[in-house]
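Q: Quick one: structure below, then a few questions.
In this note's numbering, the protein residues as written are 26 to 92.
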């Protein structure tokens with residue numbers, strides 16, 4: 026399990042990655058933030074629920090952007 030600070034750092038890294046790309050897909054985010062696709066999905070869902078990211082599209086066309 027990741028520590029709370031590790032999770033916070035991952036969330037901030039994901040937001041920074043999306044900001045750099047304007048919008049990004051999960052695979053790009055996972056690779057750049059050195060996360061497994063499963064963990065990237067968990068963190069992306071959390072960021073969307075918190076209103077820090079917006080999810081657009083479906084399935085393989087899904088991208089994430091800042092609100």
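Just so you know, even glycine gets a beta-carbon here, dropped at the ideal spot from N, CA and C.
Determine the contact status of residue 36 and residue 71, defining contact as a CB-CB distance below 9 Å.
A: Taking 9 Å as the Cβ cut-off, residue 36 and residue 71 qualify as a contacting pair.
Q: Give me the DSSP bridge partner(s) of residue 81.
A: DSSP output for residue 81 lists 88 as bridge partner(s).
Q: Label residue 52 either buried or exposed according to how many other C-beta atoms from any shown protein chain fall within 10 Å of its C-beta, with 16 as the threshold for buried.
A: By the 10 Å Cβ count, residue 52 comes out exposed.
Q: Anyone know if the C-beta pair for residue 57 and residue 34 falls short of 9 Å?
A: For residue 57 and residue 34, no; Cβs fall outside 9 Å.
Q: Is the Cβ-Cβ distance between residue 92 and residue 77 less than 9 Å?
A: Going by C-beta atoms, residue 92 is nearer than 9 Å to residue 77.
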